[in-house]
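Novice: Please read through the structure below; I'll follow up with questions.
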Amino acid sequence: MSPARSSGSVETTRATWAKMMNASEYSDFIIKCHTKTFHVHRVVVCTQSKPIQAAANGNFRTWIQESITGILDLEDDDPCTVARMIHFLYLQDYDDGEEEAEAPARGRLLVNAMVYVLADKYDVPALQARARDKYEEALATAWDPLSFVASLELAYEQLPETDTRLTALALRAAGQHVRELGGCEEFAGGAAFSCGNGNGNGNEDPIAGAIPDADADAHEKW
Numbered sequence: 005m006s007p008a009r010s011s012g013s014v015e016t017t018r019a020t021w022a023k024m025m026n027a028s029e030y031s032d033f034i035i036k037c038h039t040k041t042f043h044v045h046r047v048v049v050c051t052q053s054k055p056i057q058a059a060a061n062g063n064f065r066t067w068i069q070e071s072i073t074g075i076l077d078l079e080d081d082d083p084c085t086v087a088r089m090i091h092f093l094y095l096q097d098y099d100d101g102e103e104e105a106e107a108p109a110r111g112r113l114l115v116n117a118m119v120y121v122l123a124d125k126y127d128v129p130a131l132q133a134r135a136r137d138k139y140e141e142a143l144a145t146a147w148d149p150l151s152f153v154a155s156l157e158l159a160y161e162q163l164p165e166t167d168t169r170l171t172a173l174a175l176r177a178a179g180q181h182v183r184e185l186g187g188c189e190e191f192a193g194g195a196a197f198s199c200g201n202g203n204g205n206g207n208e209d210p211i212a213g214a215i216p217d218a219d220a221d222a223h224e225k226w
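Residue 5 is where the sequence shown starts when you use the working numbering, and the numbers rise one by one after that.
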């Protein structure tokens, strides 16, 4: 198959999946999250997420109702982030630009960190990888200290301590922006780090080891 024909085939497939994602006609499962309702297809979402598959099939006692009604209510999750996850399940990508419903503004760093955490929760490795890539890109092209601090705090609160793929990027960025972050009240307060976090890391300060030697003096002035 020629490259041109292969490219055209891929675009046709994407167009088909996009049409399916936006139509409820052949949907066989519903995912709700607060005010958002997504008419999805089990063959798409269940094959990429074991927790969603378990809910759809009623594999656990707590999810029997979901398998009967065909409705999964993700009431504990953020609707805009769930929308990005579902978009990815269909099209293998998502838009990390902010939606009008996201107020106050989150910034791309926090948006992608939220997607990464949700992908961890619903076991979608490909989405985690994409969110990490987008987070790394945002560090270089959409730097925002407030969004950064919020994203780092979220990662340390919500991710397993064994998963350092996102935090490693963030800590490296903290070292590169140490002087700027030293003037950021939210960061200097150390709320996310000085008192430990939800992952059992105790009182260790992950920032200390991430600061380059050249910035040691600035670090001591915080």
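Each residue gets a CB set at the ideal place from its N, CA and C atoms; glycine is no exception. Since the model is a prediction, treat every value here as computed from it, not as a measurement.
Taking contact to mean at least 3 C-beta pairs separated by less than 8 Å, is the region 93 to 108 in contact with the region 27 to 36?
Specialist: Cβ pair count under 8 Å is below three, so no.
Novice: Bridge partners of residue 41, per DSSP?
Specialist: Note: residue 41 sits in a beta bridge opposite 36.
Novice: Would you check if the distance between the CB atom of residue 58 and the CB atom of residue 89 is smaller than 8 Å?
Specialist: Not a contact, by the Cβ cut-off of 8 Å.
Novice: Have a look at 37, 178, 44, 15 and flag the residue whose alpha-carbon is nearest the alpha-carbon of residue 25.
Specialist: For the residues 37, 178, 44, 15, the minimum Cα distance to residue 25 belongs to 44.
Novice: Taking the alpha helix (DSSP H) that residue 137 belongs to, which residues open and close that run?
Specialist: First-last of the alpha helix (DSSP H) with residue 137: 129 to 145.
Novice: In terms of alpha-carbon separation, which member of 116, 47, 151, 159 lies closest to residue 87?
Specialist: When each option's Cα is compared against that of residue 87, the closest is 116.
Novice: According to DSSP, simplified to helix, strand and coil, what is residue 78?
Specialist: In this structure, residue 78 counts as coil in the three-state DSSP scheme.
Novice: Assuming the contact rule is C-beta atoms closer than 8 Å, residue 126 and residue 53 should be a hit. Round their C-beta distance to whole Å, please.
Specialist: That pair is a contact at about 5 Å.
Novice: With burial defined as no fewer than 16 other Cβ atoms inside 10 Å of the residue's Cβ, what is the status of residue 198: buried or exposed?
Specialist: Because the pLDDT at residue 198 is just 41, under 50, the model does not fix this residue reliably, and the point stays unresolved.
Novice: Under 6 Å Cβ to Cβ from residue 38, same chain only, skipping five residues before and after it: list those, please.
Specialist: Cβ neighbours of residue 38 beyond the five flanking positions: 83.
Novice: How should residue 183 be labelled, buried or exposed, when 16 other C-beta atoms within 10 angstroms of its C-beta is the threshold for buried?
Specialist: Looking at its Cβ environment, which holds fewer than 16 other Cβ atoms inside 10 Å, residue 183 is exposed.
Novice: Please list the terminal residues of the continuous alpha helix (DSSP H) segment that includes residue 3.
Specialist: Residue 3 cannot be examined here, being either before or after the span of the chain that is shown, 5 to 226.
Novice: Measure the beta-carbon distance from residue 113 to residue 142 and round it to whole angstroms, keeping in mind my assumption that it falls under 8 Å.
Specialist: Indeed, because the Cβ distance is near 5 Å, the residues count as touching under 8 Å.
Novice: So, residue 136 versus residue 169, is the Cβ gap smaller than 8 Å?
Specialist: Taking 8 Å as the Cβ cut-off, residue 136 and residue 169 qualify as a contacting pair.
Novice: In the structure shown, what three-state DSSP assignment does residue 163 receive?
Specialist: Reduced to three states, the DSSP call for residue 163 is coil.
Novice: Ordered along the chain, which non-local residues of its own chain (more than five positions away) have a Cβ less than 7 Å from that of residue 75?
Specialist: Closer than 7 Å at Cβ, skipping near neighbours: 34, 36.
Novice: Cβ atoms of residue 146 and residue 159: under 8 Å apart, would you say?
Specialist: For residue 159 and residue 146, no; Cβs fall outside 8 Å.
Novice: Can you look up residue 232 in the DSSP assignment and give me helix, strand or coil?
Specialist: Any answer about residue 232 is impossible in this case: the structure gives the chain only from 5 up to 226.
Novice: I'd like to know if residue 63 contacts chain C, where contact means its C-beta is closer than 8 Å to some C-beta of that chain.
Specialist: Reference to chain C is not applicable here, since this structure consists of a single protein chain.
Novice: Which word fits residue 68, buried or exposed, when buried means at least 16 other C-beta atoms lie within 10 angstroms of its C-beta?
Specialist: Exposed, because fewer than 16 other Cβ atoms sit within 10 Å of the Cβ of residue 68.
Novice: Is it right to say residue 138 is buried, meaning 16 or more other beta carbons lie within 10 angstroms of its own, or is it exposed?
Specialist: Result: buried.
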